[in-house]
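Line order of the protein sequences matches chains A and B.
Each residue of the first sequence is one higher than the one before, starting from 14 at the first, in this note's numbering.
Each residue of the second sequence is one higher than the one before, starting from 211 at the first, in this note's numbering.
Every residue, glycine too, gets a C-beta built ideally from N, C-alpha and C.
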Amino acid sequence: MLSRVQEMLSRNRGCFFIAVANLTQRRLRLIVALAGTAVPIVLLMMQMAFLSGARIQVTQFYDLFDFDLAIISSDYQFLIESGEMDRVRLTQAAALPEVAETFAIRIASNDWTNLETGRQSTTLTFGLDEAPDFLRDPLLREGMASLRTDRAVLVDEYSAGDFGSLADGTTAGLSGTDVDIAGRFRLGLFFYADGSTIVRNTDFARYERGDPLSIDIGLIRLNERADPAQIAARLAASMPADVRVLTRDALLAQERAFFISTKPIGIMLQISMWIAFLVGSVILLQVISTDIVNRLKEFATLKAMGFVPEFVFGVGLLEALILATGAFLIALVVAMIVLGIVEATTHLPAGITPLLALTTLVIVLVMSVLSAISVVRRIAKADPAELY
Amino acid sequence: MRWRDWLPLQHPPGIGVRLIAFNRLRLLAAFAGIGVAVAVMFVEFGLLMGILNSQSLMATLVRGELVVVNEARTNLHKWDSMNRIRLNQIAADPDVERVIPVYLGNMGLRDPATNSVRRILVVAFPSGELPFAIGDPDAVARALRSPNTVLFDRLSRPIYPDIVADGEAELNGLSYRVAGYVDLGPDIIHDGAIVMSDASWFQRNPNARPIMGVIRLAEGADTDAVRERLIAALPDDVSFFTPEELRQREFDFTLRSAPIGILFGIGMLAGLVIGSITCYQILFNEIVDRLKQYATLKAMGFSEVFLRGIIIEQALLLACGGFLGGLIFAWGSYIYIADRTALAVTLSVPSVLLIFFMAAGMSVVAALIALRRVVTADPAELY
Chain A
14 MLSRVQEMLS
24 RNRGCFFIAV
34 ANLTQRRLRL
44 IVALAGTAVP
54 IVLLMMQMAF
64 LSGARIQVTQ
74 FYDLFDFDLA
84 IISSDYQFLI
94 ESGEMDRVRL
104 TQAAALPEVA
114 ETFAIRIASN
124 DWTNLETGRQ
134 STTLTFGLDE
144 APDFLRDPLL
154 REGMASLRTD
164 RAVLVDEYSA
174 GDFGSLADGT
184 TAGLSGTDVD
194 IAGRFRLGLF
204 FYADGSTIVR
214 NTDFARYERG
224 DPLSIDIGLI
234 RLNERADPAQ
244 IAARLAASMP
254 ADVRVLTRDA
264 LLAQERAFFI
274 STKPIGIMLQ
284 ISMWIAFLVG
294 SVILLQVIST
304 DIVNRLKEFA
314 TLKAMGFVPE
324 FVFGVGLLEA
334 LILATGAFLI
344 ALVVAMIVLG
354 IVEATTHLPA
364 GITPLLALTT
374 LVIVLVMSVL
384 SAISVVRRIA
394 KADPAELY
Chain B
211 MRWRDWLPLQ
221 HPPGIGVRLI
231 AFNRLRLLAA
241 FAGIGVAVAV
251 MFVEFGLLMG
261 ILNSQSLMAT
271 LVRGELVVVN
281 EARTNLHKWD
291 SMNRIRLNQI
301 AADPDVERVI
311 PVYLGNMGLR
321 DPATNSVRRI
331 LVVAFPSGEL
341 PFAIGDPDAV
351 ARALRSPNTV
361 LFDRLSRPIY
371 PDIVADGEAE
381 LNGLSYRVAG
391 YVDLGPDIIH
401 DGAIVMSDAS
411 WFQRNPNARP
421 IMGVIRLAEG
431 ADTDAVRERL
441 IAALPDDVSF
451 FTPEELRQRE
461 FDFTLRSAPI
471 GILFGIGMLA
481 GLVIGSITCY
491 QILFNEIVDR
501 LKQYATLKAM
511 GFSEVFLRGI
521 IIEQALLLAC
531 GGFLGGLIFA
541 WGSYIYIADR
551 TALAVTLSVP
561 SVLLIFFMAA
571 GMSVVAALIA
581 LRRVVTADPA
591 ELY
């Protein structure tokens, strides 16, 4: 038994050495094969990163906050088209003993005026209640604490260049009123406004007239032992039909689903991802199998020398796997550089996550095994005599 | 003159065709490989153009010689309105026949079935003058003449309730009569639109200011001369564009606004690279398989130009076959994408030509690289 295992191991070592030697015999050809295999992998990684970046991006706003449940208007579609509801719904929710605290968010679309150049841009103004426990993002928490005067605002660091200087103490125009920048937060609303601003809800009315008792989104924090899903159901049952109560996860899932399946950019990114997946896999299969087929002579020689077909196939499979792994590593580096540039210019969080890298690696390995199998028939048929 | 005469080919016709047709299975695989690359380029290009064209849609639909907007309105999705008096100042020019004010706004359209409200774009203008090519001018004028009547954009995304002609629609809590349809089309931001007369709009917004003015000139007037006069006569808080200039400005603005150009441009580039690699591989294999024959030809004294001609011809034939396959696939996927996104994703002659030349270009480049193998082939070595 032991001797058989030893024999297998030594044979596999032989496989490995032959595969490596065969691959590295001609440097240029190896480089071309690696590059050719890396391109579809880069494409695959980038399209997956774009889509996952967009999925992270659409819930970025909610990720600034710490909450268990959300109350939204029945007209709610997504953050930018949230609909309005009566603030009294939050008071009603607070009556439940399991509810620890409530928090109101108001949203308005305003103009931002860069007082230095006179340029106007669109901005989304968020009004927040003063309840630091709801603020998860440390930068935002620090910013809210620094809003001391009624004309102080926080501004999105990722706002468009037309906004002008975003340094503390800069005076700008918000909805025709002079405001002072007191801090910054990071959001990036990519298509919906040039930038965004955050003010205290007590100051919100200065920028947006309208019913001061109506709010756009209500957040709820529960006592520690309460079950969010159960409380959400109880609240939903006790409220009129003009609002909906969702758990945090359900809200985020709905936000993502809306963007990916209804908004054109989301649909397009998804289509691009599927195309990259299909095309990438097919090209990968083709590139790897071509490279193996091109070494048919070597395989035929091995056969002529008397090696068993399993051994020859083992060499082919190993070559495919080594090629694929090498190309994957190259692609990983290239994709990280390109995505780093994309992230820096667009603020879309399109980095390579471990999950994404792992998914790609699995696809790459599966494709290389498949291509090795598709070549095995050619190897079996390879007649040494015919090749010379 | 036949197409071959345009190319520096020395070999008789038919060799390239016979060579690539020799192995049917490989030919199909080659067509498929290049077709996939062409399809990727088409789809990514279509997505990008769909976004760019949809964003500048309003400019392309303008029925007039000039458009006036607030100087601060650097793109059509910024809603800086104008002082109304500017339109009257423009109308004072003798060569200006009419200035049509356009108002934009948002309203909530209630779905009676679910009671939910969806935001919808409102486009308002004087009932007698249609500033955009979105329907029959007489029919629109007739429909909008009666107060509180709207026309629904037939191309809106299907998130709105069923709007039937001669039915009712509840907008911001008020009931309007739906007189019929127009064809406008949504963009990235707006999901749908309704059209109403400026009188109906003023009822809701007495202080509404125009966001755009469509200028129609008298017959025979020189557009550039009128524009010069208007720029000189009016303060610089307004800008003048021809519809084409406005479209181009919007197109460029959207392309430059960071994520869109990058996200879909990279996809297209990837298609091009993949196509080149596939094509190179196919041609390289083709050459390696027939190296003996090529070397024999060389030994017989045929020139390098002769051999190059054969291989470039094969590359172009492969590109044509793959292009046709990719085109058919792209045509189907455009229909699907247009249906899903409601954006203007269409195959246009320039885009088809562009992709064709890219496909042909990448094939020839791949052929030239693969050719190096033939050039270095030494006949003596092969036997």
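{"query": "Check the C-beta distance from G338(B) over to V327(B) and give it rounded, since I have them as a contact under 8 Å.", "result": "Not really, about 31 Å apart at Cβ, beyond 8 Å."}
{"query": "Quick one: any contact between the segment 327-337 of chain A and the segment 25-34 of chain A, if contact means 3 or more CB pairs under 8 Å?", "result": "yes"}
{"query": "Please say whether V332(B) and G345(B) have beta carbons closer to each other than 7 Å?", "result": "no"}
{"query": "Note down the Cα distance separating T488(B) from I335(A), rounded to an integer number of angstroms.", "result": "21 Å"}
{"query": "Which value, in whole angstroms, describes the spacing of the CA atoms of S178(A) and V292(A)?", "result": "45 Å"}
{"query": "Answer with yes or no whether the minimum CB distance from L56(A) to chain B is below 7 Å.", "result": "yes"}
{"query": "Rounded to whole angstroms, what is the Cα-Cα separation between N293(B) and D447(B)?", "result": "9 Å"}
{"query": "Quick one: does P469(B) have its CB under 7 Å from some CB of chain A?", "result": "yes"}
{"query": "Starting from N263(B), trace the alpha helix (DSSP H) in both directions and tell me its first and last residue.", "result": "234-265"}
{"query": "Give me the subset of the segment 331-364 of chain A whose CB atoms are less than 7 Å from a CB atom of chain B, sorted by chain position.", "result": "V355, T358, T359, L361"}
{"query": "From the DSSP secondary-structure annotation, give me the bridge partner or partners of A403(B).", "result": "L331(B)"}
{"query": "So which residues on chain B does D88(A) lean against when the C-beta distance must stay under 8 Å?", "result": "G318, S326, V327, R328"}
{"query": "Write down the C-beta distance between M268(B) and G485(B) rounded to the nearest angstrom, noting that I regard them as a contact closer than 8 Å.", "result": "In fact, because the Cβ distance is near 35 Å, the residues do not count as touching under 8 Å."}
{"query": "Any chance the segment 421-438 of chain B sits against the segment 243-263 of chain A, with 3 or more Cβ pairs inside 8 Å?", "result": "no"}
{"query": "Using 7 Å as the limit for Cβ to Cβ distance, is R466(B) near chain A?", "result": "no"}
{"query": "Where do the N-terminal and C-terminal ends of the beta strand (DSSP E) with F312(A) fall, by residue?", "result": "First-last for F312(A): 309-317, but that is the alpha helix (DSSP H), not the beta strand (DSSP E)."}
{"query": "In three-state DSSP terms, what is Y370(B)?", "result": "coil"}
{"query": "Assign K502(B) to buried or exposed, taking buried as 16 or more other Cβ atoms, counted over all protein chains shown, within 10 Å of its Cβ.", "result": "exposed"}
{"query": "Strictly below 9 Å CB to CB, what residues from chain A border G532(B)?", "result": "What G532(B) touches in chain A: nothing, since even the nearest Cβ is about 13 Å away."}
{"query": "Thinking just about the alpha-carbon of each residue, which of R42(A), N127(A), A67(A), E143(A) is nearest to the one in V192(A)?", "result": "N127(A)"}
{"query": "Under the DSSP definition of a beta bridge, which residues are partnered with I194(A)?", "result": "V166(A)"}
{"query": "Using a C-beta cutoff of 7 Å, does V575(B) count as contacting chain A?", "result": "no"}
{"query": "Taking 7 Å as the limit between beta carbons, can you name the residues of its chain near A113(A), skipping five residues before and five after?", "result": "R234, L235, N236"}
{"query": "Return yes when the Cβ of S172(A) is within less than 7 Å of the Cβ of G208(A), no when it is not.", "result": "yes"}
{"query": "Strictly under 7 Å for the Cβ-Cβ distance: is G315(B) near chain A by that measure?", "result": "no"}
{"query": "Are the beta-carbon atoms of G201(A) and H360(A) separated by less than 7 Å?", "result": "yes"}
{"query": "I want to verify the contact list: residues of chain B whose CB lies under 9 Å from the CB of F272(A), in sequence order.", "result": "Going along chain B, no residue has its Cβ under 9 Å from F272(A), so there is no contact; the nearest lies around 12 Å."}
{"query": "List the DSSP bridge partners of A158(A).", "result": "Paired residue(s): none; A158(A) is not in a bridge."}
{"query": "Taking the alpha-carbon positions, what's the W289(B) to I421(B) distance?", "result": "7 Å"}
{"query": "In the segment 313-361 of chain B, which residue ranges form an unbroken alpha helix (DSSP H) of at least 4 residues, counting only runs that do not cross its ends?", "result": "347-355"}
{"query": "Below 7 Å between beta carbons: does that hold for Y313(B) and A389(B)?", "result": "no"}
{"query": "Using a Cβ cut-off of 7 Å (strictly closer), state whether A282(B) contacts chain A.", "result": "yes"}
{"query": "Are there 16 or more other CB atoms within 10 angstroms of the CB of K508(B), so buried, or fewer, so exposed?", "result": "buried"}
{"query": "By alpha-carbon positions, which one of A333(A), M349(A), R154(A) ends up nearest to Q299(A)?", "result": "A333(A)"}
{"query": "Name the chain A residues whose beta carbon is nearer than 7 Å to that of K288(B)?", "result": "T135"}
{"query": "Suppose you measure from the CA of Y504(B) to the CA of A576(B); what does that come to, to the nearest Å?", "result": "18 Å"}
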